[in-house]
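Visitor: This is the structure I have questions about; it appears just below.
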Amino acid sequence: MLRTSVVVLLVACVPNVPCAGESPTADEVEALRKQVEALMKADAEKNRKIEELQKLVNGMAAASRPLPAETALDRALSRLGEAQRSSAGRPEPARSTVNAKLIDVSLDVLFLTGGSTADEEEILRLQGGGHDPKKRGFTLPQAELSFAGAVDPYFDAEMHLVGFIDAGGDSVIELEEAFATTRFMPFGLQLKAGHFLTEFGRMNATHPHTWNWVDQPIINTRIFGADGMRAPGMRLAWLTPAPWYSQLCFAAQNAEGETMRSFLGNAEGGHHHHGGEGHGEELAAGLAGHPIVERRVRGMRDLVYTVRWENSVNITETLTASFGCSGSHGPNNTGPDGDTWIYGLDFFLKWKPTDWLRTGQFLTWETEIMRRHFMADEYAFLFDADGDGDPETWAVTPSRTLHDWGFFTQVLYGFQRNWAAGLRFEYASGGEDNIHVHADEGEIHRPSRSWDAYRDDRWRISPMMQWRLSEFSRVRFQYNYDRADHLPDGDAHSFWVGLEFLIGAHPAHKF
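This is the structure we're talking about:
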């Protein structure tokens, strides 16, 4: 049909074809025949090329289809296992319906060097984070070994082990996280169980190698402790059906341990008392000097509960905003009626142009603010008032609520490929002075909180430059200017250089 149409079109368009009633000459007929043959050859060539292109498209479609559940590697491993069992002469065990999968293993190492106008003891108070630089000279604050992979069709699992050299030069190894998360649950639900960082704000739930600055924000150290708030527990997350990313999280975790500073955590390392009463012995001091009382888990009210709501919206093709709010509640170690509430707000804005891979340009702005209400229980103790060696007089530390708060805000700008510069500002403060109990004399003093490195008024500004050599290594240059009431000179200057490198495949982190 196509060829007939071409011939008809040709006949209609040839200018030398005679009109009706005229006899064509032999030359005109021959010219017309040659033109028809040329068109037929061109048409055949086009059809051949169309068939070749169709075969190419079919081949590409076949290559892009997803691999079957059992890959070539799985089949090879299965055949290898069968061969080994046959050669050993042992009967083949029952085969699992789930093929074994390889796990991701990685090692991330952070090495720091630098100095400060503060002395060694002052540096320990200024750099309160567990993975901050702790002294002049060289430090190795983190070497994180991570394992991650699919357990089966129902769970994924992660474990993170951290080793570091402390300020005294001793090697320390700790379990940072070990948890499993469900892979498929209905209604947008996900369950996490194990030992994990509490999802409060943006910073607490992240590992140090994801931070842009080399040290932990001041307010995070004061409220969550040196290593962040983390403990064994369970977390349920619900991805809501909102048209934007919106997730609600609810977690229940143990309240004790060194990583639960605002709750029962700072009860470690001292003489503990029971039931809010003491008998003249030296008292172990907790937050703001309040005596520490040992509390045990007797029911659900002795756990820490955390709620978080986080959202993310694409404002434009190149601009994304995230915002969230968090709250935690649990018991503290001042007595049976001691409780702690923590509230927080966070905001994150990211600009990333469409050509950022070529130019390296981007801009981020991140801010967190949090506040703690520490409701200290009263504490009654006996002391020897008349010096006869028999404690018989009661003294009481009153119940009260301590308020501490702070924030940090930081901007990071990628100005060319592999290079970025940033500026961070932080402020932390508190209300109500500390107390100091002299148990033998029955005296309760109220020293100013300005002498407490974890409750005084303090601000810090930190310019930073980052050179990312590749996806797996970077160098950072950071200067800190500190103004803190507890410092003898009132301020301190510090400069740190950090080298970080990663080998292996590390699990992905949240946006």
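0 is the number of the first residue of the sequence shown in numbering that gives the first Met the number 0; add one for each residue after it.
Ideal Cβ placement from N, Cα and C applies to all residues, glycine included.
Just so we're clear, the structure is a prediction, and the values are computed from it rather than from any experiment.
What does the alpha-carbon distance come out to for the pair Ala99 and Val312?
Guide: Locating residue 99 in the sequence shown gives position 100, counting from the first residue. Locating residue 312 in the sequence shown gives position 313, counting from the first residue. Reliability of the predicted coordinates at Ala99 is poor, the pLDDT of 47 falling under 50, and no value is obtained from them.
Visitor: At 4 residues or longer, and completely inside the region 181-259: list those alpha helix (DSSP H) runs for me, N to C.
Guide: Taking only runs of at least 4 residues, the alpha helix (DSSP H) segments lying wholly in the region 181-259 are 217-223.
Visitor: Out of Glu175, Val496, Ala452, state which residue places its alpha-carbon closest to the alpha-carbon of Ile122.
Guide: As a first step, residue 122 is located in the sequence shown; it is residue number 123 there, counting from the start. Per the Cα distances, Ala452.
Visitor: What residue ranges within the region 415-500 form continuous beta strand (DSSP E) runs of no fewer than 3 residues, ordered along the chain?
Guide: Fully enclosed beta strand (DSSP E) runs of 3 or longer: 418-429, 435-437, 442-444, 457-469, 472-483.
Visitor: Contact check, Thr305 vs Ser327 under 8 Å by CB: the rounded distance?
Guide: Along the sequence shown, one-based indexing puts residue 305 at 306. Along the sequence shown, one-based indexing puts residue 327 at 328. At roughly 4 Å, the Cβ-Cβ gap stays under 8 Å, so Thr305 and Ser327 are in contact.
Visitor: If Arg467 and Arg473 are in contact, beta carbons under 8 Å, what's the gap, nearest whole angstrom?
Guide: As a first step, residue 467 must be located in the sequence shown, where it is residue number 468. As a first step, residue 473 must be located in the sequence shown, where it is residue number 474. Yes, they are in contact, since the Cβ atoms of Arg467 and Arg473 sit about 4 Å apart, within 8 Å.
Visitor: With a 10 Å radius around its C-beta and 16 neighbouring C-beta atoms as the bar for buried, classify Trp393 as buried or exposed.
Guide: As a working note, residue 393 is residue 394 in the sequence shown. Exposed is the call here.
Visitor: Looking at the secondary structure, which residues open and close the beta strand (DSSP E) in which Thr319 lies?
Guide: Position 320 of the sequence shown holds residue 319. Looking at the DSSP string, the run of the beta strand (DSSP E) that includes Thr319 is 318-330.
Visitor: Check whether the region 127-146 and the region 206-223 are in contact - that is, three or more C-beta pairs closer than 8 Å.
Guide: Judged by Cβ distances under 8 Å, the region 127-146 makes contact with the region 206-223, as three or more pairs qualify.
Visitor: Would you kindly work out how many angstroms separate the C-alpha atoms of Ala225 and Asp165, rounded to a whole number?
Guide: If you number the sequence shown from 1, residue 225 lands on position 226. If you number the sequence shown from 1, residue 165 lands on position 166. When rounded, the distance between both Cα atoms is 13 Å.
Visitor: Taking all protein chains shown into account, do 16 or more other C-beta atoms lie within 10 angstroms of the C-beta of His492, making it buried, or fewer, making it exposed?
Guide: Within the sequence shown, residue 492 is the residue found at index 493, counting from 1. When all chains shown are included, His492 counts as exposed.
Visitor: Thinking just about the alpha-carbon of each residue, which of Gly187, His289, Ile172, Val496 is nearest to the one in Tyr378?
Guide: Taking the first residue of the sequence shown as 1, we reach residue 378 at position 379. When each option's Cα is compared against that of Tyr378, the closest is His289.
Visitor: With burial defined as no fewer than 16 other Cβ atoms inside 10 Å of the residue's Cβ, what is the status of Gln409: buried or exposed?
Guide: Counted from its first residue, the sequence shown places residue 409 at position 410. Label assigned to Gln409: buried.
Visitor: Alpha carbon to alpha carbon, how far is Gly441 from Gly279? Give it in angstroms, no decimals.
Guide: Counting from 1 along the sequence shown, the entry for residue 279 is found at position 280. Counting from 1 along the sequence shown, the entry for residue 441 is found at position 442. Note that Gly279 scores 44 on pLDDT, short of 50, meaning its location in the model is unreliable; the coordinates nonetheless yield the value given after this. C-alpha separation (whole angstroms): 8 Å.
Visitor: Between Ser356 and Cys324, which are expected to be in contact by the criterion C-beta below 8 Å, what is the C-beta distance as a whole number of angstroms?
Guide: Within the sequence shown, numbered from 1, the residue matching residue 356 stands at position 357. Within the sequence shown, numbered from 1, the residue matching residue 324 stands at position 325. In the sequence on display, residue 356 carries Leu and not Ser. The pair is not a contact, with the Cβ atoms about 34 Å apart (cut-off 8 Å).
Visitor: Answer with buried or exposed for Val395, where buried requires no fewer than 16 other C-beta atoms within 10 angstroms of its C-beta.
Guide: By 1-based counting over the sequence shown, the position of residue 395 is 396. So Val395 ends up on the exposed side.
Visitor: Tell me, please, which residues DSSP counts as bridged to Ala394.
Guide: Counting from one through the sequence shown, the residue named residue 394 turns up at place 395. Bridge partners of Ala394: Phe380.
Visitor: Let me know the secondary structure DSSP gives Leu263 once reduced to three states.
Guide: The residue given as residue 263 occupies position 264 in the sequence shown. Three-state result, Leu263: strand.
Visitor: Name the DSSP beta bridge partners of Gly148, please?
Guide: Counted from its first residue, the sequence shown places residue 148 at position 149. Its beta-bridge partners are Ala156.
Visitor: Label Ser447 either buried or exposed according to how many other C-beta atoms from any shown protein chain fall within 10 Å of its C-beta, with 16 as the threshold for buried.
Guide: The sequence position of residue 447 within the sequence shown is 448, counting from 1. Classification of Ser447: exposed, given that the 10 Å Cβ count is below 16.
Visitor: Along the chain, where does the beta strand (DSSP E) containing Thr305 start, and where does it finish?
Guide: On the sequence shown, position 306 is the one that residue 305 refers to. That run of the beta strand (DSSP E) goes 303-313.
Visitor: By the 10 Å Cβ neighbour count, where 16 or more other Cβ atoms means buried, how is Lys40 classified, buried or exposed?
Guide: Within the sequence shown, numbered from 1, the residue matching residue 40 stands at position 41. Result: exposed.
Visitor: Quick one: using the 10 Å Cβ neighbour count with 16 as the cut-off for buried, is Thr24 buried or exposed?
Guide: For the purposes of this step, residue 24 is taken as the residue at position 25 of the sequence shown. Exposed, because fewer than 16 other Cβ atoms sit within 10 Å of the Cβ of Thr24.
Visitor: Mind the definition here: the region 328-348 touches the region 364-379 only if three or more C-beta pairs lie below 8 Å; say whether that holds.
Guide: Touching, yes, given that three or more Cβ pairs across the two stretches are closer than 8 Å.
Visitor: According to DSSP, simplified to helix, strand and coil, what is Thr353?
Guide: Taking the sequence shown and counting its residues from 1, one reaches residue 353 at position 354. Three-state DSSP puts Thr353 in coil, outside helix and strand.
Visitor: Name the one or two DSSP bridge partners that His372 has.
Guide: As a first step, residue 372 must be located in the sequence shown, where it is residue number 373. DSSP output for His372 lists Trp340, His402 as bridge partner(s).
Visitor: To which residues does DSSP link Thr112 through a beta bridge?
Guide: Start at 1 with the first residue of the sequence shown, and residue 112 comes out as number 113. The partner list for Thr112 (beta bridge, DSSP) reads Phe137, Val496.
Visitor: DSSP three-state label for Leu101, please.
Guide: Residue 101 sits at position 102 when you count from the first residue of the sequence shown. It is coil, neither helix nor strand.
Visitor: Which residues does DSSP pair with Glu365 in a beta bridge?
Guide: Numbered from its first residue, the sequence shown carries residue 365 at position 366. Paired residues: Phe347, Gln409.
Visitor: Let's test the definition: count the other Cβ atoms within 10 Å of the Cβ of Asp490 and tell me whether it reaches 16, buried, or not, exposed.
Guide: Within the sequence shown, numbered from 1, the residue matching residue 490 stands at position 491. Burial call: exposed.
Visitor: At which residues does the alpha helix (DSSP H) containing Leu125 begin and terminate?
Guide: In the sequence shown, residue 125 corresponds to position 126, counting from 1. Here the alpha helix (DSSP H) through Leu125 covers 119-125.
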